[in-house]
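The next block holds one structure in the form of structure tokens; read it before the comments.
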Amino acid sequence: MLARWIEAAGIPTVIVTMMPAVAEERRAPRIVGVEFPFGHAFGMPGDKAMQRSVLELALRVLAGSAAFGTRVDIDIEWPVPLREAYKAWQPKEASPIVRKILASPQSGEAGPQGRVGR
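Residue numbers (my numbering): 3 to 120.
Listed below in structure tokens is the structure:
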């Protein structure tokens, strides 16, 4: 993990993540957990107050914690039910690389002609 390498050089780090349990398993130095959809670690686009809250917490964790492995989960709820937010996060159509992967025989997914690989 890059954060541990940076820490080894004497520079403290904090990770803001939607997957704090994984960050703990990977032994991230300091963790701020957010229960937000992927791609929105600091909050909703345009919501400066939410983004500032996440940033301020991350800076407090960084400034006030010498303890390796510190984890703080932010107490902000996403304003839309997460199930809806995760669905909305997905693009309407697959990117070219995803289409290529899905069309490959190894993917196990239906290709462009409906064939399933494997």
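All C-beta atoms, glycine included, are put in the ideal place defined by N, C-alpha and C.
Just so it is clear, the structure is predicted and the values come from calculations on it, not from any experiment.
Item                                                                                                                  : Value
Can you tell me whether DSSP reads residue 33 as helix, strand or coil?                                               : strand
Which residue wins for smallest C-alpha separation from residue 56, given the options 40, 39 and 35?                  : 35
With distance defined between alpha-carbon atoms, name the residue in 80, 69, 101 and 100 nearest to residue 29.      : 69
For residue 60 and residue 86, what's the separation of their Cα atoms in angstroms?                                  : 27 Å
Based on Cα-Cα distance, which residue from 7, 37, 10 and 81 lies nearest to residue 74?                              : 37
Which whole runs of the beta strand (DSSP E) in the segment 31 to 107 are 3 residues long or more, in chain order?    : 32 to 35 and 72 to 75
Output the distance between the C-alpha atoms of residue 101 and residue 66, rounded to the nearest integer angstrom. : 46 Å
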